[in-house]
Amino acid sequence: GASGGLGEALCLAVCRLARPKGLILSARTRPELERVRRQCLELRPEARAEVLPLDLTEVDALPSAAERALQVFGGRIDVLINNGGRGFRDAAAKTGLDVDRMMMDVNYFSD
Numbered sequence: 001g002a003s004g005g006l007g008e009a010l011c012l013a014v015c016r017l018a019r020p021k022g023l024i025l026s027a028r029t030r031p032e033l034e035r036v037r038r039q040c041l042e043l044r045p046e047a048r049a050e051v052l053p054l055d056l057t058e059v060d061a062l063p064s065a066a067e068r069a070l071q072v073f074g075g076r077i078d079v080l081i082n083n084g085g086r087g088f089r090d091a092a093a094k095t096g097l098d099v100d101r102m103m104m105d106v107n108y109f110s111d
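Last residue of the sequence shown: 111 in the working numbering, with the numbers rising by one and none dropped.
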């Protein structure tokens, strides 16, 4: 997502280097997305930056989220960076099936 780590760094780099006309920032947490949005607009005030909160574990919500994203800029997306992902560190014997399912939902099925 765009709210931190690699996703945030990519958004800021795009604003610094590519002069985008518009951005759609997506991740689970609206406050963090709004923070990144403000940083993008500081770098590129003429750009349109929209926030689209989205949880990739809610697979059934993905088609409608994609439609909303298309509507933001008139049905056209020139570049899509899909970097949503989750990690988990623990011994396999200690990891519950719910964690495995969550990891698969985000890292495999949400693409």
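Cβ coordinates follow ideal geometry from the N, Cα and C atoms, glycine included.
Query                                                                                                                                                : Result
Once DSSP output is grouped into helix, strand and coil, what is the label at GLU34?                                                                 : helix
With a CB to CB cut of under 8 Å and the five nearest residues on each side skipped, what residues in its chain are close to VAL106?                 : LEU56, THR57, GLY84, GLY85 and ARG86
From ARG38 to ALA93, what distance separates their C-alpha atoms?                                                                                    : 43 Å
Within its chain, find whatever has a CB closer than 8 Å to the CB of THR95; leave out the 5 residues flanking it on each side and keep chain order. : PHE88
Could you compute how far the alpha carbon of LEU17 sits from the alpha carbon of ARG44?                                                             : 10 Å
Since ALA49 is in the beta strand (DSSP E), which residue starts that stretch and which ends it?                                                     : 48-51
For ARG35 and ASP100, I'd like the C-alpha separation in whole angstroms.                                                                            : 30 Å
For SER26, count the other beta carbons within 10 Å of its own beta carbon; 16 or more makes it buried, fewer makes it exposed. Which is it?         : buried
Does the separation of the CB atoms of ARG76 and LEU52 fall below 8 Å?                                                                               : no
Is GLY5 helix, strand or coil by DSSP?                                                                                                               : helix
So is GLU112 buried or exposed if we call it buried at 16+ other beta carbons inside 10 Å?                                                           : The structure shown does not extend to residue 112, since the chain spans only 1 to 111, so no value can be given for it.
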